[in-house]
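S.K.: First, the structure itself, so that you have it in front of you.
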Amino acid sequence: MEVVIAPPGELARLAADAVERLVRANPEAVLGLATGSSPLVVYDELVRRHKEGLSFARARAYMLDEYVGLAADHPERYRNVIEKEFASRVDLAPGAVQGPDGLAADLQAACAAYEASITDAGGVDLQILGIGTDGHIAFNEPGSSLASRTRIKTLTKQTREDNARFFGGSVDDVPRHCLTQGLATIMSARHLVLLASGRAKAEAVHQLVEGPISAMWPATIMQLHPHATVLVDDAAASRL
Ligand code: GLP
């Protein structure tokens, strides 16, 4: 695992460099997109590079996770967030971004279909990741099986409180369930690029880099990945 400690502005550039290298080498690359606030600076940087000629026209993208039950037009539905923050601002083709269907009548079938779709696409080349304060990646909360694939999960109180800021500060408005790629699904991506900034992430980053591999800190599974890059600012690195 490569750990890079850099000023906040530099983190986005380093992540965007990895994406740009990939897309230039393979215009049909499969990207893995994350939500949360950490990747937003990367999307901004990629949009800037798109304006300078970087094209995503032949690329495809898979999202990590989705809330269950949010209305199709809800602004915090992850599909809508990715559309607004990235897909609509670059030249990704219509339908190029896939995500788990949190509105499916049969959620388990939707999870299986999502796994099959990622496999059919040849797998994810580069997965962008954030990390929760409790060490979750995507929505794999503490206790998640290290061998998990896409499935339904219940969000922890901690994550719902952390994410309440996106729902007008109201924890009650944050959905209780989600669909998320599993830890084994994420580990199948060929390159993992995780970003973390701020002191609130320091313990999670400490566990990720220096802790024992444990389902109680799900991100620690990344220690087994052959190509994982962890980009952190000084505050997030303060416990290393
Ligand atoms: C959510 C997302 C995760 C993300 C995490 C951290 O729970 N499902 O993918 O990594 O939030 O978000 P942030 O970057 O806003 O701290």
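Read the sequence shown against this note's numbering and you will find it ends at 852, with the numbers running on by one and no gaps.
Here a beta-carbon is modelled for each residue, glycine too, at the ideal position from N, C-alpha and C.
Under 8 Å between the Cβ atoms of residue 797 and residue 761?
M.R.: For the purposes of this step, residue 797 is taken as residue 185 along the sequence shown, with counting starting at 1. For the purposes of this step, residue 761 is taken as residue 149 along the sequence shown, with counting starting at 1. Yes, these two residues count as a Cβ contact at 8 Å.
S.K.: Tell me where the alpha helix (DSSP H) around residue 695 begins and ends.
M.R.: Indexing the sequence shown from 1 puts residue 695 at position 83. Element bounds for residue 695: 690–697.
S.K.: Going by C-alpha to C-alpha distance, which of 833, 656 and 807 sits closest to residue 819?
M.R.: As a working note, residue 819 is residue 207 in the sequence shown. Comparing Cα-Cα distances from residue 819 to each of 833, 656 and 807, the minimum goes to 833.
S.K.: Would the segment 713–733 count as touching the segment 806–821 if we require 3 or more Cβ pairs under 8 Å?
M.R.: At 8 Å Cβ cutoff, the stretches do not touch.
S.K.: Using a Cβ-Cβ cut-off of 8 Å (strictly less than) and excluding sequence neighbours within five positions of residue 764, which residues of its own chain qualify?
M.R.: On the sequence shown, residue 764 is found 152 positions in, with the first residue counted as 1. Around residue 764: 680, 719, 720, 723, 789, 790 and 791.
S.K.: Between the C-alpha atoms of residue 685 and residue 795, what's the straight-line distance to the nearest angstrom?
M.R.: The residue labelled residue 685 in the question sits at position 73 within the sequence shown. The residue labelled residue 795 in the question sits at position 183 within the sequence shown. Spanning the two alpha carbons is a distance of roughly 28 Å.
S.K.: Determine which residues share a DSSP beta bridge with residue 808 and list them.
M.R.: For the purposes of this step, residue 808 is identified with residue 196 of the sequence shown, where counting begins at 1. DSSP lists 844 as partners of residue 808.
S.K.: Nearest to residue 644 by CA position, among 709, 700 and 629, is which residue?
M.R.: On the sequence shown, residue 644 is found 32 positions in, with the first residue counted as 1. Looking at the Cα atoms, 709 is the closest of the given residues.
S.K.: Nearest by alpha-carbon distance to residue 651: which of 801, 775, 741 and 673 is it?
M.R.: Mapped onto the sequence shown, residue 651 falls at position 39. The candidate whose alpha carbon is nearest that of residue 651 is 741.
S.K.: For the ligand GLP, is there any heavy atom lying closer than 7 Å to the beta carbon of residue 779?
M.R.: Locating residue 779 in the sequence shown gives position 167, where the first residue counts as 1. Checking the Cβ of residue 779 against the ligand GLP gives no.
S.K.: Since residue 659 and residue 702 are thought to touch, with beta carbons under 8 Å apart, how far apart are those beta carbons, to the nearest angstrom?
M.R.: Here residue 659 refers to the residue found at position 47 when the sequence shown is read from its first residue. Here residue 702 refers to the residue found at position 90 when the sequence shown is read from its first residue. Correct: roughly 6 Å between the Cβ atoms.
S.K.: What are the boundary residues of the alpha helix (DSSP H) that residue 675 is part of?
M.R.: Along the sequence shown, read from residue 1 onward, the residue named residue 675 stands at position 63. No alpha helix (DSSP H) holds residue 675; the beta strand (DSSP E) holding it covers 672–675.
S.K.: For the candidate residues 693, 752 and 851, whose alpha-carbon lies nearest to that of residue 827?
M.R.: In the sequence shown, the residue the question calls residue 827 occupies position 215. Residue 827 has its Cα closest to that of 752, out of 693, 752 and 851.
S.K.: At which residues does the alpha helix (DSSP H) containing residue 792 begin and terminate?
M.R.: Position 180 of the sequence shown, counted from the start, is the residue given in the question as residue 792. Element bounds for residue 792: not the alpha helix (DSSP H) but the beta strand (DSSP E), 789–792.
S.K.: So, under 8 Å CB-CB, residue 749 and residue 620 are touching, yes? Tell me the CB distance rounded to an integer number of Å.
M.R.: On the sequence shown, residue 749 is found 137 positions in, with the first residue counted as 1. On the sequence shown, residue 620 is found 8 positions in, with the first residue counted as 1. Rounded, the Cβ-Cβ distance is 20 Å, inconsistent with contact.
S.K.: Please determine whether the Cβ atom of residue 771 lies at a distance below 7 Å from any heavy atom of the ligand GLP.
M.R.: Counted from its first residue, the sequence shown places residue 771 at position 159. Yes, the ligand GLP has a heavy atom inside 7 Å of this Cβ.
S.K.: Could you give the distance in angstroms between the alpha-carbon of residue 667 and the alpha-carbon of residue 787?
M.R.: By 1-based counting over the sequence shown, the position of residue 667 is 55. By 1-based counting over the sequence shown, the position of residue 787 is 175. Going from the Cα of residue 667 to the Cα of residue 787 covers about 35 Å.
S.K.: Below 7 Å, is the gap between the Cβ of residue 839 and the nearest heavy atom of the ligand GLP?
M.R.: In the sequence shown, the residue the question calls residue 839 occupies position 227. Checking the Cβ of residue 839 against the ligand GLP gives no.
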